[in-house]
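As structure tokens, the structure follows; a few thoughts come after it.
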Amino acid sequence: MNSSNSRINSDTGQPLLTPSTAANALSTVGQLLSPQADTSFEYLTRRGFVLSTAALGTTVVSESATWGAEAKEVPIPIIDSHIHLFDGSRPQGAPYVGPGGSSPTISLPDDYRKLAVPLGITGAIKVEASPWVEDNLWALQVMQSDEMMLGLVGNLQPEKPDFPELLVRHAKNPLFRGIRHGNLWGYDLTKMVKDDAFMKGMRLLSELDLSLDIANPTVPLLEAVAQLNDSVPDLRIIIDHLPSLEPTVDTQAAYDNVLKVLHSRKNIFVKLSAVIHRIAGKIVRDLEVHRPRLDRLIDVFGDDRILFGSDWPNSDGVAPLDQVVGIVKDYFADKPRELQEKYFWKNSVTAYKWKVKKDR
Numbered sequence: 001m002n003s004s005n006s007r008i009n010s011d012t013g014q015p016l017l018t019p020s021t022a023a024n025a026l027s028t029v030g031q032l033l034s035p036q037a038d039t040s041f042e043y044l045t046r047r048g049f050v051l052s053t054a055a056l057g058t059t060v061v062s063e064s065a066t067w068g069a070e071a072k073e074v075p076i077p078i079i080d081s082h083i084h085l086f087d088g089s090r091p092q093g094a095p096y097v098g099p100g101g102s103s104p105t106i107s108l109p110d111d112y113r114k115l116a117v118p119l120g121i122t123g124a125i126k127v128e129a130s131p132w133v134e135d136n137l138w139a140l141q142v143m144q145s146d147e148m149m150l151g152l153v154g155n156l157q158p159e160k161p162d163f164p165e166l167l168v169r170h171a172k173n174p175l176f177r178g179i180r181h182g183n184l185w186g187y188d189l190t191k192m193v194k195d196d197a198f199m200k201g202m203r204l205l206s207e208l209d210l211s212l213d214i215a216n217p218t219v220p221l222l223e224a225v226a227q228l229n230d231s232v233p234d235l236r237i238i239i240d241h242l243p244s245l246e247p248t249v250d251t252q253a254a255y256d257n258v259l260k261v262l263h264s265r266k267n268i269f270v271k272l273s274a275v276i277h278r279i280a281g282k283i284v285r286d287l288e289v290h291r292p293r294l295d296r297l298i299d300v301f302g303d304d305r306i307l308f309g310s311d312w313p314n315s316d317g318v319a320p321l322d323q324v325v326g327i328v329k330d331y332f333a334d335k336p337r338e339l340q341e342k343y344f345w346k347n348s349v350t351a352y353k354w355k356v357k358k359d360r
């Protein structure tokens, strides 16, 4: 009988990637990325990467979870840079409990792990889905002992008088990787980039080496991101779900122009997430429809500024997690392995500077 660390996939005859082997692989990756390691992330070699995934051995989750001929030998770990956790069963409930038309109510690390590990996902970053300040602490407590949870993008309002105190306090926990802004919770970055208090908060965020996620992009929001980058060029900014932005005839020219502006901004990253989305009210899962935009966004942002993110469980509103992961695996299947590694995990380290549990 096989142990839990060497279970066999009944479809492929290959060893399964289990939570234990995933954690071991992630830990070894962390050793290579640790500041104390002899081999730093910047000098990670092909040999170093093989060593970093030694805990995976020859594990192949399933045919749908591997891509590229080389991946059959050494699977590429996937870091999911965008998931949501919440618990609507708490006495106070939760402001977000899943996408419209579904009723998850509760979304916790164990729920995610059951779906994610069979797909080759070894770690995740939680992006806050609550405007309640106290939910930053709730998320940190939920994530603290879970090796798969690598970081939190929280929610604090930079223009508020108590922002410096709250940010410094939360940043003492290495899991706290930054905050979220954009088109949600009544926020308006187009106005805030003109607000002195907000911009002071952005400079503090940068000084603490934290990042800013930008939610639900529109053309005016992208233009505001460029303005923010003009003022705080060292702040790492991550634009979420950009493939889902469908410019209209009226906004196409402005969209094209702002992409040209963002092209050279080395600290502006983009999540090639929400690839499956609604177009004209219909969910479109056909990769060939989305391929031209993915091609263009990679051309704009380059190999080093693109990240994978699932948006789970919000993504359940358009497709189950296996399809969300599958469409980007299919897209990258014929791309060089180096690009696959950057998209699926390496660039998340650059953008968020996350650490595995033993280093935090």
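Each residue of the sequence shown is one higher than the one before, counting from 1 in the UniProt record's numbering.
All residues carry an ideal CB built from backbone N, CA and C; glycine is no exception.
Quantities reported herein were computed from a predicted structural model and do not represent experimental measurements.
C-beta neighbour in chain B for residue i, strict 8 Å
i, result
"S244", "Structure shown: chain B not included; a single protein chain is present."
Contact set for residue i: own chain, Cβ-Cβ below 6 Å, skip 5 residues either direction
i, result
"W185", "P131"
"L222", "V258"
"L150", "G123, I125, W354"
"A197", "E159"
"V300", "L259, H263"
"L166", "L156"
"N267", "R236"
"I79", "G123, W345, S348"
"D234", "S206"
"L245", "P217"
Distance between residue j and residue i (C-alpha atoms, nearest Å)
i, j, result
"K271", "P243", "8 Å"
"N183", "M148", "28 Å"
"M143", "D250", "43 Å"
"Q340", "L119", "15 Å"
"A129", "P292", "30 Å"
"D311", "V318", "11 Å"
"A224", "K194", "10 Å"
"residue 401", "Q92", "Residue 401 lies beyond the range of the chain shown here (1 to 360); nothing can be said about it."
"F344", "M199", "32 Å"
"V349", "R305", "11 Å"
"D286", "D334", "17 Å"
"D330", "V74", "17 Å"
"Q252", "L297", "15 Å"
"N173", "K282", "42 Å"
"W138", "I121", "24 Å"
"R337", "D295", "16 Å"
"L140", "S107", "14 Å"
"V168", "P313", "30 Å"
"N229", "A280", "32 Å"
"H170", "F332", "36 Å"
"V261", "I179", "24 Å"
Residue range of the unbroken alpha helix (DSSP H) whose run includes residue i
i, result
"T350", "347-352"
"I327", "321-332"
"K191", "189-192"
"residue 368", "Residue 368 is absent from the model: the chain starts at 1 and stops at 360."
"A274", "That residue, A274, is in no alpha helix (DSSP H); it is neither H nor E in DSSP."
"D135", "134-143"
"V258", "252-263"
Chain-order list of residues whose beta-carbon lies under 7 Å from that of residue i (same chain, five-residue window excluded)
i, result
"L115", "L321"
"V97", "F86, G88, P104, T105"
"A351", "S211, R236, I238, F269, L307"
"A94", "F86, D87, G88, S130"
"Y255", "V219, P247"
"F163", "L156, Q157, G201"
Contact belief for residue i with residue j at Cβ below 8 Å, rounded distance in angstroms
i, j, result
"Y112", "I76", "Between I76 and Y112 the Cβ distance is about 19 Å, and since that is not below 8 Å, they are no contact."
"H181", "L189", "6 Å"
"V232", "M192", "About 12 Å; that fails the 8 Å criterion."
"S81", "G302", "No, S81 and G302 are not in contact; Cβ-Cβ is about 17 Å, not under 8 Å."
"R177", "L204", "Going by Cβ atoms, the distance from R177 to L204 rounds to 15 Å, so no, they are not a contact pair."
"D316", "P99", "6 Å"
"D146", "P109", "5 Å"
Residue i - containing beta strand (DSSP E), residue span
i, result
"D286", "Segment: none, D286 is in no beta strand (DSSP E) and carries neither H nor E."
"R278", "277-279"
"R236", "236-239"
"K200", "No beta strand (DSSP E) contains K200, which is instead part of the alpha helix (DSSP H) from 196-207."
"R90", "No beta strand (DSSP E) contains R90, which DSSP labels as neither H nor E."
"D213", "211-215"
"A124", "121-127"
Residues of its chain near residue i, where Cβ-Cβ distance is below 8 Å and the 5 sequence neighbours each way are ignored
i, result
"V284", "I276, H277, R278, H290"
"Q227", "V193"
"V133", "N155, L156, L166"
Are the region 323-341 and the region 209-220 touching, with three or more C-beta to C-beta distances below 8 Å?
no
At a cut of 8 Å, does the region 272-281 reach the region 213-221 through at least three beta carbon pairs?
no
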